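A.B. asks: Residue numbers (the UniProt record's numbering), protein chains in the order written: chain S, 1 to 430; chain L, 1 to 430. Dropping a structure here in structure tokens format, bear with me for questions.
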Ligand SMILES: NC(=O)c1ccc[n+]([C@@H]2O[C@H](COP(=O)([O-])OP(=O)(O)OC[C@H]3O[C@@H](n4cnc5c(N)ncnc54)[C@H](OP(=O)(O)O)[C@@H]3O)[C@@H](O)[C@H]2O)c1
Ligand SMILES: NC(=O)c1ccc[n+]([C@@H]2O[C@H](COP(=O)([O-])OP(=O)(O)OC[C@H]3O[C@@H](n4cnc5c(N)ncnc54)[C@H](OP(=O)(O)O)[C@@H]3O)[C@@H](O)[C@H]2O)c1
């Protein structure tokens, strides 16, 4: 029995997928049951790293998702439309869909999964988070016996690359970004990456799987890395921390807290050493404790590896299902939840903070800052006056875990007084 | 539709499994389709961390594996017999089997998998390697599109704990072992762990999955950590390496090389920072590049998490299969290969070496050592005379990647001359 794959997109990821499908040697024997049947792209004439016979190639993607011979549609064109409509159309034509499109899944997940459920087909998305890192299926299958409490990920390669270089070179954000763009590590419009939006898409997807409920994309509190300075990286390092853009989803009572922000990570934490374009996802659960998945967060080959693993899983499930009239879906591959997760308020979050003040070098300043925090029940782990230039001083404070609302109130009090000149930066600490 | 689980063993892992099965809240909804039906142990009266109704408990394990109501047998009694016979009997009675027993699988895998194939049932072993770390299913499923080239694992928690403490404290093997035994990190008879036998069982299993062929357990070249000294750890550290007991399986031409030995790991390698009782498995493949799975390598909860994930996968596959007369096996869960992997000779292995000589502090020694290596085409990365006590010196050599056979020949030449007093240690380097 053979399965026919219709591939939408022949760019970075699509070409990688085609390369694997066209060369099964040394890979899963199941690959031999797959046929790369039709391929869609915008241009028929572009040179490609993989040779596709001209008669298989089309610019008419609609004709692929409606082709009665196609069993599995792989969507790797990216973007919201026409990706969403093509996936919906494929599903309506009872084709299984494999996608790498985190933006579309984070926004249209409920619509797409409802459609898939109704049609009795699989909608798979291993490649949407963490590039080549196996994380979606492990969450569905391997950690099915666990009560998950938190997911903490470095899931955007561009920002991790930039922060790693800023750390290694003591360089500033703007310079490293420009260089990263030159080298192809950052896009011409870097917004989705550096402002945390891409990581927010991904943590919404992970949280949905980990906590068994749908997530509204807007529920993810998102801060990017544009304001991170070489100064903060240096101070953090002295205090024993690396600065990473973390995407965090945690159970918080009956609700889930969801956020993406630059974070101080203790050097001893496994995530602190995930550098460059690598990604890692750290999962906490009961009874497993802590596990981490580490690997290449993007790139043609790694992402294609994840896409193909989904295709193989679907093919295996189809094979096991045989020629049955009514499809039966394997619950370890499907996402069946339909309720939305309640979202915790950021104010109720308990976390540690790092804050750097610029102050005038006047007696009493430290005492005043300390008592503003104390009045709001914000207990401090350290408070250090670290550097003095002329009449200016810097005061770096690290708090114990406190309610975010209390911390913000204390900051407002400090602001309102004239004890400080400015708050140079506020970062959370894990 | 409900599935009945027969649990063989209610020790460390068995009790953990029972705890998960008896408390489904917050875990995979599929758990609700599972019933802990019967439990077997040696003693009916031992106090247990989990309450099992007396009528479910039996010492007659045979009656569980032949019980017509049992769908899935979980084998967590350990050891070779009666574990092997019970699993075979369960399979013959068309029950799916989930086991954590690396010793039995590494030795009787072919017999057990043949029986499972013939009976049309699953034989699952996620917990046999890496405790709670998802690695078996990711190898079968997530990396199915990859051509795997190598697996390098820290897959024995006891030895990693001992080496980590030796490193942190500058302590000697014997002292740390005794303390680890006192604290329950090492068994009274530590042979299986410290001599590398447990890691060898596990790498045989991983290699079989990664390279799609059966592995003869005897094919794993195995060296333990008894001879590692605080001195070597210190020298290695100065040279930029941690010493870890690695289990390594690599493609070597058309064959596979399999070995367990203490190894110098560069501080920059992700495995160098896997400390204490944690395990990690580093996988290299094309096109994925490098991925690493990190987590707790043993313990009641983590290991039970892995066992339960297998039970869930089997239940999901049974559910998807429905009430069919002839069972159809999902190839992503089964191990279908039946040929044995050809095994490479250790002599043909290309690897780097670290060697420490004790010599008399005589002029010409270093030159002589250097030329013995040179004559055998062993090229050196560094050669340092590191310490002199009275008339004794130590010479530490790190080679480039060389044929192991050539290196051994050079060592024999050096031995045969009177240039050195002894070879204090020989370790491989990755
Ligand atoms: N690149 C990565 O490392 C990576 C990692 C994880 C996930 N992803 C996700 O994978 C998806 C694809 O990314 P990519 O990097 O492969 O993108 P890409 O290199 O830009 O490739 C997009 C492909 O889709 C085709 N295409 C786009 N819009 C089309 C349309 N309207 N009609 C017909 N063809 C169209 C393009 O055709 P032409 O070639 O003819 O222009 C191109 O072949 C995205 O969702 C992305 O988020 C990518
Ligand atoms: N412990 C870990 O962290 C870990 C991690 C990975 C894999 N594993 C594997 O998991 C398996 C179980 O390990 P474990 O640590 O749970 O062992 P354990 O604590 O010694 O428990 C063994 C259980 O099996 C029962 N049992 C043993 N032989 C029996 C027999 N002949 N008839 C009836 N009952 C028998 C014992 O009964 P009683 O309680 O009545 O004596 C006990 O409940 C082993 O294969 C081990 O390699 C363990």
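From the three backbone atoms N, C-alpha and C, an ideal C-beta is built for every residue, glycine too. Note that the structure is a prediction, hence the values are computed from the model and not measured.
(1) Can you grab the Cα-Cα spacing for the pair residue 115(L) / residue 314(L), in whole Å?
(2) Run through DSSP, which three-state label would residue 120(S) get?
(3) Return yes when the Cβ of residue 423(L) is within less than 9 Å of the Cβ of residue 415(L), no when it is not.
(4) Taking DSSP as the reference, what is the three-state secondary structure of residue 265(S)?
(5) Does DSSP put residue 12(L) in a helix, in a strand, or in coil?
(6) Which same chain residues, not among the five before or five after residue 118(L), have their C-beta less than 7 Å away from its C-beta?
(7) Just to confirm, is the Cβ distance from residue 244(L) to residue 231(L) under 9 Å?
(8) On the DSSP letters alone, give me the boundaries of the alpha helix (DSSP H) that residue 206(L) sits inside.
(9) What residue from 12(S), 202(S), 393(S) has the CA that sits closest to residue 420(S)'s CA?
(10) Can we count residue 61(L) as close to ligand 2, meaning its CB is less than 8 Å from some heavy atom?
(11) Could you compute how far the alpha carbon of residue 413(S) sits from the alpha carbon of residue 291(S)?
(12) Contact between the segment 274–292 of chain L and the segment 134–145 of chain L: three or more CB pairs below 8 Å?
(13) Residue ranges of each alpha helix (DSSP H) run of no fewer than 4 residues wholly in the segment 102–188 of chain L, ordered along the chain?
(14) Could you spell out where the alpha helix (DSSP H) holding residue 238(L) opens and where it closes?
(15) Starting from residue 350(L), find everything on chain S with Cβ-Cβ shorter than 8 Å and list it in chain order.
(16) Does the beta carbon of residue 20(L) sit closer than 9 Å to a beta carbon anywhere in chain S?
(17) I'd like to know if the segment 88–101 of chain L and the segment 61–71 of chain L are in contact, where contact means that at least 3 CB-CB pairs between them fall below 8 Å.
(18) Could you check if residue 247(S) belongs to the surroundings of ligand 4, using beta carbon to heavy atom distance under 8 Å?
(19) Going along chain L, which residues have a C-beta under 9 Å from residue 433(S)?
(20) If you drop the 5 nearest sequence neighbours on each side, which residues of the same chain put their C-beta closer than 8 Å to that of residue 146(S)?
(21) Which first and last residues belong to the alpha helix (DSSP H) in which residue 84(L) is found?
(22) Under a CB-based cut-off of 9 Å, is residue 118(S) close to chain L?
(23) Name the DSSP bridge partner or partners of residue 392(L)?
(24) Could you pull the DSSP bridge partners for residue 96(L) from this structure?
(25) Give the C-beta separation of residue 246(L) and residue 430(L) to the nearest angstrom, bearing in mind that I take them to be a contact with Cβ-Cβ under 8 Å.
(26) What span of residues does the alpha helix (DSSP H) with residue 427(L) cover, start to end?
(27) With DSSP run on the structure shown, which of helix, strand or coil describes residue 47(S)?
(28) What are the residues of the segment 312–332 of chain S that lie near chain L, defined by any Cβ-Cβ distance shorter than 8 Å?
(29) Between the C-alpha atoms of residue 51(S) and residue 302(S), what's the straight-line distance to the nearest angstrom?
(30) Pick helix, strand or coil for residue 274(S), following the three-state DSSP scheme.
(31) Quick one, are the C-beta atoms of residue 122(L) and residue 317(L) less than 9 Å apart?
(32) Is the Cβ-Cβ distance between residue 311(S) and residue 352(S) less than 9 Å?
(33) If you measure from the beta carbon of residue 293(S) to each beta carbon in chain L, is any gap under 9 Å?
(34) Could you name the residues of the segment 249–283 of chain L whose beta carbon sits closer than 7 Å to any beta carbon of chain S, in the order they occur along the chain?
(35) Starting from residue 307(S), trace the alpha helix (DSSP H) in both directions and tell me its first and last residue.
(36) Could you tell me the alpha carbon to alpha carbon distance between residue 49(S) and residue 74(S), rounded to whole angstroms?
C.D. replies: Put simply:
(1) Walking along the second chain from the start, residue 115(L) turns up at place 115. Walking along the second chain from the start, residue 314(L) turns up at place 314. Whole-angstrom Cα-Cα distance: 17 Å.
(2) By one-based count along the first chain, residue 120(S) stands at place 120. Secondary structure at residue 120(S): coil, using DSSP grouped into helix, strand and coil.
(3) In the second chain, counting from the first residue as 1, residue 415(L) sits at position 415. In the second chain, counting from the first residue as 1, residue 423(L) sits at position 423. Their beta carbons are under 9 Å apart, which means residue 415(L) touches residue 423(L) by this criterion.
(4) Within the first chain, numbered from 1, the residue matching residue 265(S) stands at position 265. Shown here, residue 265(S) sits in a strand according to DSSP, grouped into three states.
(5) Mapped onto the second chain, residue 12(L) falls at position 12. It is helical.
(6) Here residue 118(L) is taken as the residue at index 118 of the second chain, counted from 1. If we look at residue 118(L) and ignore the five residues flanking it on each side, it has no Cβ neighbours.
(7) For the purposes of this step, residue 244(L) is taken as the residue at position 244 of the second chain. For the purposes of this step, residue 231(L) is taken as the residue at position 231 of the second chain. When the beta-carbon positions are compared, residue 244(L) and residue 231(L) stay at least 9 Å from each other.
(8) Position 206 of the second chain, counting from 1, holds the residue named residue 206(L). Judged by DSSP secondary structure, residue 206(L) falls within the alpha helix (DSSP H) whose first and last residues are 197–211.
(9) Within the first chain, residue 420(S) is the residue found at index 420, counting from 1. Closest option to residue 420(S), judged by alpha-carbon separation, among 12(S), 202(S), 393(S): 393(S).
(10) Here residue 61(L) refers to the residue found at position 61 when the second chain is read from its first residue. At least one heavy atom of ligand 2 falls within 8 Å of the beta-carbon of residue 61(L).
(11) Against the first chain, residue 413(S) aligns to sequence position 413. Against the first chain, residue 291(S) aligns to sequence position 291. A direct Cα-to-Cα measurement between residue 413(S) and residue 291(S) gives close to 40 Å.
(12) Short answer: they touch.
(13) Segments of the alpha helix (DSSP H) lying fully in the segment 102–188 of chain L: 102–119, 157–169, 173–183.
(14) To locate residue 238(L), count along the second chain from 1; it is residue 238. Boundaries of the alpha helix (DSSP H) around residue 238(L): 230–238.
(15) Numbered from 1 along the second chain, position 350 holds the residue referred to as residue 350(L). The premise fails here: residue 350(L) is roughly 20 Å from chain S at the closest Cβ pair, so nothing lies under 8 Å.
(16) Along the second chain, one-based indexing puts residue 20(L) at 20. By this cut-off, residue 20(L) is an interface position.
(17) These segments touch.
(18) The model depicted lacks ligand 4 and carries ligand 1 and ligand 2 instead.
(19) Shown here, chain S extends from 1 to 430; a query on residue 433(S) therefore has no answer.
(20) Counting from 1 along the first chain, the entry for residue 146(S) is found at position 146. Only 285, 286, 287, 288 meet the Cβ criterion.
(21) Here residue 84(L) corresponds to residue number 84 of the second chain, with the count starting at 1. From DSSP, the alpha helix (DSSP H) with residue 84(L) extends over 83–92.
(22) On the first chain, residue 118(S) is found 118 positions in, with the first residue counted as 1. With 9 Å as the cut-off, residue 118(S) does not count as an interface residue toward chain L.
(23) Residue numbering aside, residue 392(L) sits at position 392 when the second chain is read from its first letter. DSSP, once it has assigned bridges, lists 360(L), 389(L) as partnering residue 392(L).
(24) Start at 1 with the first residue of the second chain, and residue 96(L) comes out as number 96. Its beta-bridge partners are 72(L).
(25) What you label residue 246(L) is simply residue 246 of the second chain in a count that begins at 1. What you label residue 430(L) is simply residue 430 of the second chain in a count that begins at 1. About 7 Å separates the two Cβ atoms, so the contact holds.
(26) For the purposes of this step, residue 427(L) is taken as the residue at position 427 of the second chain. Element bounds for residue 427(L): not the alpha helix (DSSP H) but the beta strand (DSSP E), 420–429.
(27) Position 47 of the first chain, counted from the first residue, corresponds to residue 47(S). Reduced to three states, the DSSP call for residue 47(S) is coil.
(28) Those would be 312, 313, 316, 317, 319, 320, 321, 322, 324, 328, 329, 330, 331, 332, in chain order.
(29) For this step, residue 51(S) is matched to residue 51 along the first chain. For this step, residue 302(S) is matched to residue 302 along the first chain. In a straight line, the C-alpha of residue 51(S) is about 20 Å away from that of residue 302(S).
(30) Taking the first residue of the first chain as position 1, residue 274(S) is located at position 274. In the structure shown, residue 274(S) falls within a coil segment according to DSSP collapsed to helix, strand and coil.
(31) Reading the second chain from its first residue, position 122 is the one you call residue 122(L). Reading the second chain from its first residue, position 317 is the one you call residue 317(L). Residue 317(L) sits close to residue 122(L), with the two beta carbons spaced by under 9 Å.
(32) What you label residue 311(S) is simply residue 311 of the first chain in a count that begins at 1. What you label residue 352(S) is simply residue 352 of the first chain in a count that begins at 1. No, Cβ-Cβ distance for residue 311(S) and residue 352(S) is not below 9 Å.
(33) On the first chain, position 293 is the one that residue 293(S) refers to. Among the residues facing chain L, residue 293(S) is included, as its CB has a counterpart in that chain under 9 Å away.
(34) Interface annotation for the segment 249–283 of chain L against chain S: 270, 273, criterion Cβ-Cβ distance under 7 Å.
(35) For this step, residue 307(S) is matched to residue 307 along the first chain. Element bounds for residue 307(S): 300–321.
(36) Taking the first residue of the first chain as 1, we reach residue 49(S) at position 49. Taking the first residue of the first chain as 1, we reach residue 74(S) at position 74. C-alpha separation (whole angstroms): 18 Å.
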